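The sequence shown: position 84 = 84 (our numbering), numbered continuously.
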Amino acid sequence: MPKWKKQKEILTARLQEVDKRIHEVEDQLEEPHSKDFEDFAKETEDTEVLEGLGLAGQREIAAINAALGRIEDGSYGICAKCGDDISAARLEAVPYAALCRNCA
Ligand SMILES: [Zn+2]
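This is the structure:
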């Protein structure tokens, strides 16, 4: 059994979840765009919140994809900064962690 089979499953499931959430945010962002710009500007506050969510989701997707790449190339679970093993507890809490607790 590959070493990180379970982590890979967790990451893949998480990736799908975040991807779905981003699409929901995008759908909501697209709705008010039929109005002219002034009306749209009044909604900017809401839009910024939604865009913030979308951005956070996209960052998470990038982090998850990077973690999946590290599983493939064998560097998963090793701190990118100091080279120590990242603790199992930390990987469980943050499955896409690239740094150990000391370096994060
Ligand atoms: Zn470290």
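Glycine included, C-beta positions come from ideal geometry on N, C-alpha and C. Note that the coordinates shown come from a computational prediction; the quantities given were computed from them, not determined experimentally.
Residue range 5-30 is occupied by the alpha helix (DSSP H) that includes Leu-11. Its chain contains Leu-11 and Tyr-96 as the residues whose beta carbon lies nearer than 6 Å to that of Ala-67, once the 5 sequence neighbours on both sides are disregarded; these appear in chain order. Per DSSP, the unbroken alpha helix (DSSP H) holding Val-49 starts and ends at 44-73. Under DSSP, the beta-bridge partners assigned to Asp-85 are Ile-78. The C-alpha of Gly-54 is placed about 29 Å away from the C-alpha of Ile-78.
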